[in-house]
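If you use the working numbering, the sequence shown closes out at 519, no skipped numbers anywhere. Notes follow the structure.
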Amino acid sequence: MAGVAIITEACIGVKDRACVDVCPVQCIYEFDVAGNVLVSEQQAGSGVVENSHEANPESIAVFSDTLLYVNADECTSCAACYAPDVCPVGAIYSEDQVPDGGPTSPKYNASDPNVGHDHRFFVQLTRDVFAD
Ligand code: SF4
Ligand code: SF4
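Pasting the structure below:
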């Protein structure tokens, strides 16, 4: 079943924007550290901003600009970005298909680095990171 797209830990440090290239509504955002704003581009790498949003300071502080973020309010659940073979590292899922992190996953909880994550972590982060 198609659902809102969620980007997870495998995107960290990869960010090749393959998902951005196939998204028809430009709802996948990068965090611009210098501008302190989440931005989506008309075309991946074009530098031409399509949309922008304020970031929730606490949520964006967890991963900053190391991965991309889907705006769940704008995502149409079209399923293009999580179709097989789009993401080279298997980082993007339908909301109802996000797996739990494996035992070798990095630690995700900024307030308690000894706590790993289950699938709800990135679902919640996706919803929290947009402040407006
Ligand atoms: S499911 Fe469709 S609309 Fe949502 S982020 Fe992926 S490509 Fe964009
Ligand atoms: S295709 Fe995968 S690795 Fe590339 S930016 Fe999107 S989620 Fe990240």
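By construction, the Cβ of each residue, glycine as well, lies at the ideal position given by its N, Cα and C atoms.
Residues sharing a beta bridge with residue i, DSSP
i, result
"Phe517", "Ala442"
"Tyr456", "Tyr416"
"Ile399", "DSSP lists no partner for Ile399."
"Val426", "Glu417 and Ser439"
"Ala392", "Ser481"
Test item: CB-CB of residue i and residue j under 7 Å
i, j, result
"Asp519", "His440", "yes"
"Thr453", "Ile399", "yes"
"Cys468", "Ile479", "yes"
"Thr395", "Phe509", "yes"
"Val391", "Ala470", "no"
"Val420", "Val436", "no"
"Ala397", "Gly477", "yes"
"Val407", "Ala389", "no"
"Ser364", "Phe418", "Past the edges of the chain, shown from 388 to 519, lies residue 364, and the structure says nothing about it."
"Val409", "Val473", "yes"
Start-to-end residues for the alpha helix (DSSP H) that takes in residue i
i, result
"Ala356", "What the structure shows of the chain is the stretch from 388 to 519, and residue 356 is not part of that stretch, so it cannot be assessed."
Limits of the unbroken beta strand (DSSP E) element including residue i
i, result
"Ser433", "From DSSP, Ser433 is part of no beta strand (DSSP E); its letter is neither H nor E."
"Tyr480", "Ile479 to Ser481"
Outcome for residue i when other beta-carbon atoms lying within 10 angstroms are tallied against a minimum of 16
i, result
"Glu482", "buried"
"Ala442", "buried"
"Thr463", "exposed"
6 Å CB neighbourhood of residue i in its chain, flanking five on each side removed
i, result
"Asp505", "Asp487"
"Asp403", "none"
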